[in-house]
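A.B. asks:
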Amino acid sequence: MATYAHPEVLVSTAWVADHGKDANVRVVEIDVDTKAYDEGHVPGAIAWAWNTQLCDTVVRDILPKDKFEALMTQSGIGADTTVVLYGDNNNWFAAWAFWQMKMYGHKDVRIMDGGRKKWLSEGRDLDTQPSTASPASTAYQASGPDYSIRAFLAQVHQAEKSNGAILIDVRSPQEFTGEILAPPGLPETCQRGGHIPGAHSVPWGKACNEDGTFKSLEDLQKLYGAEGVSESTPVIAYCRIGERSSHTWFVLKYLLGVRNVQNYDGSWTEWGNLVGAPVEKGVARQAVRA
Amino acid sequence: MKPENYTERKLEIAGWQVNLTVYQLGEKWHAKADNVSPGASLARVVADTREDAEQRALARAEELLSRTRRHAV
C-alpha cells in the first residue's frame with residue numbers, strides 16, 4: 001500500500017500508548033463535546049477547549065499569537081516538543097488545533113489516527129483525573145501567522161468568480177443543498193441555506209473509515225481526484241465554522257500532498273449571512289452535468 | 001481504568017440517522033448519540049445501567065432532532 005505524502009504527521013493509538021508519556025511528547029485532547037475529556041482520557045493527556053482556548057473570544061478569529069504562545073508555554077510545550085492531538089468526532093477539533101499550530105509554525109505536530117473513538121473502542125486505559133502540565137521553563141515563541149493555509153472572504157469571492165481554486169464544501173449533503181441550515185439537532189446559524197456557487201460537495205466523513213482512521217492514500221486519491229483535485233490544484237475547503245474543513249484541509253495537505261490548500265474558517269456562518277453574496281441551492285453543478 | 005463493552009449502532013430518529021455509542025467505565029454506563037451526517041454530538045449521558053444511559057441519550061437526541069426544520073430547495 002502506498003504511503004501518505006507526509007506519514008510523519010500521523011501516529012497510531014498503539015504508538016500513543018507506548019510513547020504518550022515520553023519526556024518530549026505532549027498529548028492533547030480537543031473535543032467538540034468539551035466535557036468528554038472529564039469522563040476519561042488518554043493517560044497523561046491534557047485538554048484544550050476549542051471554544052475558549054483555541055479562538056479569540058472577543059473578535060471572531062483564530063487564537064491571537066500572544067495567547068497561542070501563552071497556551072503553549074502553560075501546556076509545557078517548547079519548540080522541539082512532539083505534540084500529539086486527538087479528539088472526538090474523528091478528530092474534528094484536533095485538526096483545527098493542528099491547523100493553528102502549523103499557522104504559528106510549530107514543527108512537530110501529529111494526529112492520533114482514529115482519535116478518541118478508536119482509543120475507546122480498543123478498550124485502552126483511561127485516566128479520569130485531569131492531567132496537568134508543568135509550564136515550559138522558557139516562554140514559547142511562535143512564528144507567523146502563516147496565512148498561506150487560511151482563506152479569507154475576499155480570496156473566496158475571487159476564487160468563486162474566477163474559478164481560481166476548487167471550492168470543497170465538506171458539510172453534509174442536506175446542508176449543501178440548503179435543505180437544512182445547520183447540522184441536524186443544532187441551532188440554525190445562517191440566514192440563507194445552500195452553497196458557494198461552483199463548490200464541490202465532499203462531506204468530510206468520506207475521508208474516514210468506520211473505525212475513525214483515515215482512508216488509504218488510494219481511496220483518498222480516488223475520492224478527491226473525482227472532483228478534479230491534484231497535487232498542484234489550488235483548493236479551498238469550507239464547512240459551517242471551519243473545524244470540519246480543517247479536517248479536510250489536513251487530509252488534502254498532509255495525506256494527499258496538495259501543495260496549495262487553504263481552510264476558509266469563516267465558512268458558511270460568514271458566507272451564508274452576507275448581504276448580497278451569491279448562493280447556489282440544490283446539488284452540485286458537477287453532479288448535474290454528470 | 002479501561003472502557004468495556006464498547007458498542008456502536010445506527011438507528012433512525014425523527015427522520016435522521018443517529019449513531020449511538022455505548023460503553024462501560026467502572027460502574028457507570030456512558031451513552032453518546034451523534035447525528036451520522038455530519039457527525040455532530042447530540043447527547044451524552046452517564047447512568048447506572050446500559051438501558052437507562054441509552055434511553056436518556058436517545059430521548060435527548062429525539063428532542064433536538066425533531067426541532068430541525070427542512071426547507072424547500
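Line by line, the protein sequences are chains A and B.
Residue 162 in the numbering used here sits at position 162 of the first sequence, with consecutive numbering throughout.
Residue 50 in the numbering used here sits at position 50 of the second sequence, with consecutive numbering throughout.
We treat Cβ as the ideally placed atom computed from N, Cα and C, and that holds for glycine.
#1: Who does R110 (chain A) pair with in a DSSP beta bridge?
#2: How many Å lie between S37 (chain B) and E12 (chain B) at the Cα?
#3: Could you give the uninterrupted runs of the alpha helix (DSSP H) lying entirely in the segment 23-58 of chain A, keeping only those of 4 residues or more?
#4: Taking the C-alpha atoms as reference points, what is the distance between D33 (chain A) and T233 (chain A)?
#5: Here's the rule: buried if 16 or more other CB atoms are within 10 angstroms of the residue's CB, otherwise exposed. What is L153 (chain A)?
#6: What are the residues of the segment 13-26 of chain B that lie near chain A, defined by any Cβ-Cβ distance shorter than 7 Å?
#7: Under 7 Å Cβ to Cβ from N263 (chain A), same chain only, skipping five residues before and after it: list those, please.
#8: Quick one: which residues of the segment 112-130 of chain A get their C-beta closer than 9 Å to a C-beta of chain B? List them in chain order.
#9: Rounded to a whole number of angstroms, what is the C-alpha to C-alpha distance between D211 (chain A) and N5 (chain B)?
#10: What is the rounded straight-line gap between the Cα of R69 (chain B) and the Cα of T138 (chain A)?
#11: Are any of the Cβ atoms in chain A nearer than 8 Å to that of R9 (chain B)?
#12: From L85 (chain A) to P130 (chain A), what distance separates their C-alpha atoms?
#13: Just the Cα atoms here: how many angstroms apart are K65 (chain A) and A95 (chain A)?
#14: Would you list the residues sitting across from V36 (chain B) in a DSSP beta bridge?
#15: May I ask you to report which of helix, strand or coil DSSP gives Q262 (chain A)?
#16: How about the segment 256-271 of chain A and the segment 220-233 of chain A: do they share at least three Cβ pairs that are nearer than 8 Å?
#17: Do you know offhand how far R192 (chain A)'s Cα is from T13 (chain A)'s?
#18: Counting Cβ pairs, one atom from each stretch, are 3 or more of them under 8 Å apart for the segment 215-226 of chain A and the segment 175-190 of chain A?
#19: I want to verify the contact list: residues of chain A whose CB lies under 8 Å from the CB of T49 (chain B), in sequence order.
#20: Less than 8 Å between CB atoms is the rule here; does L58 (chain B) satisfy it with respect to chain A?
#21: I'd like to know if I180 (chain A) contacts chain B, where contact means its C-beta is closer than 8 Å to some C-beta of that chain.
#22: For the alpha helix (DSSP H) that A57 (chain B) lies in, which residues bound it at each end?
C.D. replies: Reading from the atomic positions:
#1: A:V84.
#2: If I take the Cα positions, the gap works out to 12 Å.
#3: Whole alpha helix (DSSP H) segments, 4+ residues: 36-39.
#4: Linking D33 (chain A) to T233 (chain A) through their CA atoms gives a straight-line distance of about 34 Å.
#5: L153 (chain A) is exposed by the Cβ-count criterion.
#6: Sequence-ordered contacts of the segment 13-26 of chain B with chain A read W16, Y23 and L25 [C-beta pairs closer than 7 Å].
#7: The residues are W99, I149, R150, A151, A237, G242, S245, S246 and W249.
#8: Residues of the segment 112-130 of chain A with a C-beta atom less than 9 Å from some C-beta of chain B are K117, W119, L120, S121, E122, G123, R124, D125, L126, D127 and T128, listed in chain order.
#9: Spanning the two alpha carbons is a distance of roughly 16 Å.
#10: In this model, R69 (chain B) and T138 (chain A) are separated by some 52 Å (Cα to Cα).
#11: Closer than 8 Å: no.
#12: Between the alpha carbons of L85 (chain A) and P130 (chain A) lies a gap of roughly 16 Å.
#13: Distance between the alpha carbons of K65 (chain A) and A95 (chain A): 18 Å.
#14: Paired residues: none, contrary to the question.
#15: Here Q262 (chain A) sits in strand by DSSP.
#16: Two segments are said to touch when three or more pairs of C-beta atoms, one from each, lie closer than 8 Å; by this definition the segment 256-271 of chain A touches the segment 220-233 of chain A.
#17: One alpha carbon belongs to R192 (chain A), the other to T13 (chain A), and they sit about 41 Å apart.
#18: Result no; under three Cβ-Cβ pairs closer than 8 Å.
#19: In chain order: nothing, as chain A lies at least about 17 Å away.
#20: No, L58 (chain B) does not count as interfacial toward chain A.
#21: Chain B, which has a Cβ nearer than 8 Å to the Cβ of I180 (chain A), makes this yes.
#22: Residue range R50 to L65 is occupied by the alpha helix (DSSP H) that includes A57 (chain B).
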